[in-house]
Amino acid sequence: MNATNHYMPDYAIHPGEILEEILEARGIAKSDFARRCGVSAKTVSQIIAGKAPVLPEAAVHFERVLGISSNIWNGLNAAYDLHIAQVAEAKALARQHNWAKSFPVPAMVKKGWINKPASDGDKVGALLNFFGVASIDIWQAELESMQVAYRKSTSFEGKPHAVAAWLRKGEHDADEIFTAPFSEDKFKGALVQIREMTVKLPEEFEAKIKQLCADAGVALVLVGELPGTHLSGAARWLNPHKAILQLSLRNKSNDHFWFSFFHEAAHILKHAKKKLYLDDIKSGNTDLEEEADQFARNHLIPLKGYKAFCDNGHYTQTSVRHFAKEVGIAPGIVVGRLQHDKEIPFSYLNELKLKFELIEDC
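Set out below in structure tokens:
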């Protein structure tokens, strides 16, 4: 979602001011004008004083008497009413500025998610626009419903506003991606093809895996994490026919990226559509997370071959490269698995991991 600028004047002219100027310029007395329009002099005085609107019926009469289109009178009246409502809204939002302090607004501005607010009220308004809700109360209700849907996450507990913003950006990006209706078979087939791309560089695979996912009904979005959230990814459904697979790009090595991708893919394939699966640095403490972990591990590296390789217990650059080539996977993924399983120290063989930067969706 790109932030856009909108011109909003800080004033509006009541149609009564225009009416008074026209009557004075034409030398028409207010009482005479009222008589010719078929309204009371009091009504005309109240309109000129800005205490009464120009109603549609009066606008038609003004057009007949003055020759000025009723559309112009209605437009002036509507613009004035809208301005008054906007001023009242801005004051109300400014009184609720404490709510906005819970969001990492500077980071959101820097990423281009929202425009730089000019005031406290503008900050609240920008956030409500970003979330697509009319009030803070509605946003809070949305957050509470989300809390029912997601599994326990330390990131969401500690930084609920930041995590909600990160998830919302994923929704914005997913809305821009056209996807076919979800097909489990197509997604499974896409995962087979995507696994083969783990040996490639981001510039070779990024567009391809996004298209493969979209063709299967899954919007793959890359959204950099916000400060303090420590997220790796999330999976959820926009509707029964479109899923979102969202990655944070938090870890820059290929083993983390691919494991996170297949972990979130498991949630989409195996778990309930009505839940939100939010994965942070402490994921893995539930049966669903363990199932997703196991899916990612075994999909990337077949268990039988991996056990045979570990039974040999000989871990060198050459042996890891040979095994990785044998199973058709990037060597860095094998290193990450060995480190996680404590077969080797976390400081060992990291030179086989690829460091890459993927382009964050805007």
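Per this note's numbering, the very first residue in the sequence shown carries number 224; after that it's consecutive.
Where a beta carbon is used, it is the ideal one built from N, C-alpha and C, also for glycine.
Starting from Y529, follow its DSSP beta bridges and name the residues at the other end. Paired residues: none, contrary to the question.
When burial is assigned at 16 or more other CB atoms within 10 Å of the CB, is K493 buried or exposed? Exposed, because fewer than 16 other Cβ atoms sit within 10 Å of the Cβ of K493.
Just to confirm the assignment, what range does the beta strand (DSSP E) spanning W460 have? Unbroken beta strand (DSSP E) run through W460: L454 to N462.
Which partner residues of L575 appear in the DSSP bridge assignment? Note: L575 sits in no beta bridge, so no partner.
Looking at the structure shown, is A442 part of a helix, part of a strand, or coil, going by DSSP? In the three-state reduction of the DSSP assignment, A442 falls in the strand class.
Might you give, ordered along the chain, the residues of its own chain that have their beta carbon closer than 6 Å to the beta carbon of L468, omitting 5 neighbours on each side? So the qualifying residues of the chain are V441, L443, A458 and E487.
Three or more C-beta pairs under 8 Å: does that hold for the region 310-330 against the region 275-293? Touching, no, given that fewer than three Cβ pairs across the two stretches are closer than 8 Å.
In or out: P554 buried (at least 16 other Cβ within 10 Å) or exposed? Buried: at least 16 other Cβ atoms inside 10 Å.
In this structure, how does DSSP classify G239 when only helix, strand and coil are distinguished? Helix, per DSSP.
Kindly provide the ranges of any beta strand (DSSP E) runs that are 3 or more residues long and lie completely inside the region 405-440, ordered along the chain. With a minimum length of 3 residues, there is no unbroken run of beta strand (DSSP E) contained wholly in the region 405-440.
Which residues in the same chain have their Cβ closer than 7 Å to the Cβ of K496, if we skip the five residues on either side of it in sequence? Correct list, in chain order: W460 and P463.
Can you check which of these residues, A387, K324 and V277, is closest to D304 by C-alpha distance? Residue V277 holds the alpha-carbon nearest to the alpha-carbon of D304 among A387, K324 and V277.
Buried versus exposed, by CB contacts within 10 Å (16 or more), V558: Buried, because 16 or more other Cβ atoms sit within 10 Å of the Cβ of V558.
Option nearest V446 by Cα separation, candidates V415, A387 and G536: Minimum Cα distance to V446 is reached at A387.
Under three-state DSSP, which class holds I467? Strand, per DSSP.
Grab the span of the alpha helix (DSSP H) containing D345 for me, first residue to last. D343 to F354 is the span of the alpha helix (DSSP H), which, as asked, contains D345.
Of the residues L289, T539, A403 and L577, the one placed nearest E566, counting alpha carbons only: It is T539 whose Cα lies nearest to the Cα of E566.
With the cut-off set at 8 Å, would you say T421 and W481 are in Cβ contact? Going by beta carbons, T421 and W481 fall inside the 8 Å limit.
Ordered along the chain, which non-local residues of its own chain (more than five positions away) have a Cβ less than 7 Å from that of I400? Here the set comprises A437 and A442.
How long is the line joining the alpha carbons of K433 and E419, rounded to whole angstroms? Distance between the alpha carbons of K433 and E419: 14 Å.
Going by other Cβ atoms of all chains shown within 10 Å of its Cβ, with 16 needed for buried, is E367 buried or exposed? Taking all protein chains in view, the Cβ of E367 is surrounded by fewer than 16 other Cβ atoms within 10 Å, so the residue is classified as exposed.
Do L454 and F485 have their beta-carbon atoms positioned less than 8 Å apart in this structure? Contact: no.
Indicate the three-state DSSP secondary structure (helix, strand or coil) for Y538 in the structure shown. Here DSSP, grouped into helix, strand and coil, assigns Y538 to coil.
Nearest candidate by alpha-carbon position, reference D502, set E407, P425 and W389: When only C-alpha atoms are compared, the closest one is W389.
How would you call T452, buried or exposed, if buried means at least 16 neighbouring beta carbons within 10 angstroms? By the beta-carbon neighbour count (other beta carbons within 10 angstroms, threshold 16), T452 is buried.
Between the Cα of D564 and those of A385, C533 and D396, spot the shortest distance and give me the residue it belongs to. Nearest of A385, C533 and D396 to D564, Cα basis: C533.
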